[in-house]
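K.L.:
Residue numbers (my numbering): 41 to 476.
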Ligand code: GLU
Ligand code: MG
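(1) Answer with buried or exposed for residue 469, where buried requires no fewer than 16 other C-beta atoms within 10 angstroms of its C-beta.
(2) Which residues in the same chain as residue 162 place their Cβ atom closer than 6 Å to its Cβ, once the five residues preceding and following it in sequence are excluded?
(3) What does the alpha-carbon distance come out to for the pair residue 351 and residue 383?
(4) What does a CB cutoff of less than 6 Å around residue 380 pick up in its chain, not counting 5 residues either side in sequence?
(5) Just how far apart, CA to CA, sit residue 140 and residue 131?
(6) For residue 326, which residues does DSSP report across the bridge?
(7) Using a Cβ-Cβ cut-off of 7 Å (strictly less than) and excluding sequence neighbours within five positions of residue 234, which residues of its own chain qualify?
(8) Among residues of its own chain, excluding the 5 on either side of residue 221, which ones have a beta-carbon nearer than 6 Å to its beta-carbon?
(9) Using only alpha-carbon positions, find the residue among 240, 265 and 266 that is nearest to residue 26.
(10) Answer with buried or exposed for residue 435, where buried requires no fewer than 16 other C-beta atoms within 10 angstroms of its C-beta.
(11) Excluding the 5 residues flanking residue 449 on each side, which residues of the same chain have their C-beta closer than 7 Å to its C-beta?
(12) What residue range is occupied by the uninterrupted alpha helix (DSSP H) comprising residue 202?
(13) Confirm the yes/no value for this check: CB of residue 371, any heavy atom of the ligand GLU, distance under 6 Å.
(14) Helix, strand or coil, according to DSSP, for residue 131 in the structure here?
(15) Given a cut-off of 7 Å on the beta-carbon distance, is the pair residue 313 and residue 92 in contact?
(16) Heavy atom of the ligand GLU less than 6 Å from the Cβ of residue 248, yes or no?
(17) Give me the residue from 205, 316 and 153 with the minimum Cα distance to residue 366.
(18) Around the C-beta of residue 328, are 16 or more other C-beta atoms found within 10 angstroms, so that it is buried, or is it exposed?
(19) At the level of alpha carbons, what is the spacing between residue 485 and residue 298?
(20) Please indicate yes or no: does the CB of residue 240 lie closer than 6 Å to some heavy atom of the ligand GLU?
(21) Here's a check: name, in chain order, each residue in its chain whose Cβ is nearer than 6 Å to the Cβ of residue 121, leaving out the five neighbours to either side.
(22) How about residue 65 and residue 50: are their beta carbons less than 7 Å apart?
(23) When burial is assigned at 16 or more other CB atoms within 10 Å of the CB, is residue 182 buried or exposed?
(24) Classify residue 463 as buried or exposed, calling it buried when 16 or more other Cβ atoms lie within 10 Å of its own Cβ.
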């Protein structure tokens, strides 16, 4: 066995799957400049065993080029070897990112946000997931029994995440049967999406070592509790200072943050095609699931799409902690695409100085139709088909993507809609549970 093992080159594709090719670690250094080749048509793979129609032929290739700043290792344990990995950018040549690379697409959105508004994002994901396994017996939600039963897994997981460089905030049993949650510390810019990828793969890997399977599917069955991937996000300046807070603003939002939120809400139906990207995602969304059923914003409102989360304590610490929680996102979403479209929509709000709708202080499902109308509150799409239609009829949102990226993404999502209608709900739940 080679002493230094394998390093896996990783990239996250359009359907939220981390794909990989490996090299012996002893060869990594010479692979850093040009990476490994990969057929462009691979970007048309579904998360199952199929590939959709795409514009690329058998000779079209990109380079998967490792980013030296995005290396990580999940340490081995027992007879499990270390798992070394490095996240890549897809490039058409040394300088030029591929217009279908999610990571480069996020970087470009962040470059525009910085150039036009002088800020970047400081963001983190909450990872809700479901444990299953032959010996797994779910315990009472939130209980010490549920924690104790998985204490070995949870403790190993925390250590592994720390070793990869991802900081965990909280680790706990959640409300669903067999559901657990890990919340991670925010990171700046593209690193926020990298940390999400690393956390998901580390959770899957440590679960596997414990004879468990961790799934991020948004809904394992129609009547089960959903798994969300809420995104906490603040806008920070070049010195890392939070620009989201203003003591006198609505919900303590600064003008730039209020415009950002207004932009996100203005395009949210189109955004859902990326943040709630599977047919099963729409069984999770909806009123009374604490996932988000309405286009709405509210201070601490867990039924709103944007929940403003205040910082705690004295003024300075409140300023530091103030953030925007985007709730209609799940674990099938590519964190790169999800953050990119949120940033693009937020930037539109900043450019057009859009006014932020009023904060909702009640459950939006309990409001009368006329009240909702007056407050700009609207039910979110109830199917992936509706979100795709919203994306395709949103001229501004369509302009964020290259033709190849948009066409391939829409083809993939239409394929998923067809698959779901062919195989029916029961099998669809089962397939997403296994694939994610
Ligand atoms: N499981 C809920 C969801 O699907 C979130 C519950 C919570 O607020 O943590 O988004
Ligand atoms: Mg939760």
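Don't be surprised by glycine CBs; every beta carbon is placed ideally from N, CA and C.
As the structure is a prediction and not an experimental result, all values here were calculated from the model.
P.N.:
If we stick to the structure as given:
(1) One-based indexing of the chain shown puts residue 469 at position 429. The residue in question, residue 469, is buried, as its Cβ has 16 or more Cβ neighbours within 10 Å.
(2) Position 122 of the chain shown holds residue 162. Cβ neighbours of residue 162 beyond the five flanking positions: 226, 228, 274 and 276.
(3) For this step, residue 351 is matched to residue 311 along the chain shown. For this step, residue 383 is matched to residue 343 along the chain shown. A direct Cα-Cα distance of roughly 22 Å separates residue 351 from residue 383.
(4) Here residue 380 corresponds to residue number 340 of the chain shown, with the count starting at 1. Excluding its 5 nearest sequence neighbours in each direction, residue 380 has C-beta neighbours in its own chain below 6 Å: 145, 146 and 149, listed in chain order.
(5) Taking the chain shown and counting its residues from 1, the one referred to as residue 140 is at position 100. Taking the chain shown and counting its residues from 1, the one referred to as residue 131 is at position 91. Their Cα atoms are separated by approximately 9 Å.
(6) Along the chain shown, read from residue 1 onward, the residue named residue 326 stands at position 286. Partner(s): 332.
(7) Against the chain shown, residue 234 aligns to sequence position 194. Contacts found: 110 and 127.
(8) Position 181 of the chain shown, counting from 1, holds the residue named residue 221. If we look at residue 221 and ignore the five residues flanking it on each side, its Cβ neighbours are 168, 212 and 214.
(9) As shown, the chain starts at 41 and ends at 476. That puts residue 26 outside it, with no answer to give.
(10) As a working note, residue 435 is residue 395 in the chain shown. Exposed, by the Cβ-count rule.
(11) Along the chain shown, read from residue 1 onward, the residue named residue 449 stands at position 409. Answer for residue 449: 54, listed in chain order.
(12) Position 162 of the chain shown, counting from 1, holds the residue named residue 202. Segment 191 to 204, the alpha helix (DSSP H) holding residue 202.
(13) The sequence position of residue 371 within the chain shown is 331, counting from 1. Every heavy atom of the ligand GLU is 6 Å or more from the Cβ of residue 371, so no.
(14) Working through the chain shown from its first residue, we reach residue 131 at position 91. It is a strand residue.
(15) Indexing the chain shown from 1 puts residue 313 at position 273. Indexing the chain shown from 1 puts residue 92 at position 52. It is not a contact, given that the beta carbons lie outside the stated cut-off.
(16) Working through the chain shown from its first residue, we reach residue 248 at position 208. Incorrect: residue 248 has no Cβ contact closer than 6 Å to the ligand GLU.
(17) Within the chain shown, numbered from 1, the residue matching residue 366 stands at position 326. Of the listed residues, the one whose Cα sits closest to residue 366 is 316.
(18) By one-based count along the chain shown, residue 328 stands at place 288. Exposed is the call here.
(19) In this structure the chain extends from 41 to 476, so residue 485 is not present and cannot be described.
(20) For the purposes of this step, residue 240 is identified with residue 200 of the chain shown, where counting begins at 1. Not so, every heavy atom of the ligand GLU lies at least 6 Å from the Cβ.
(21) The residue you call residue 121 lines up with position 81 of the chain shown. Cβ within range, chain order: 45.
(22) Here residue 65 corresponds to residue number 25 of the chain shown, with the count starting at 1. Here residue 50 corresponds to residue number 10 of the chain shown, with the count starting at 1. No; because the gap between Cβ atoms is not below 7 Å, this pair is not in contact.
(23) Here the question's residue 182 lines up with position 142 in the chain shown. It counts as exposed.
(24) To locate residue 463, count along the chain shown from 1; it is residue 423. Per the 10 Å Cβ criterion, exposed.
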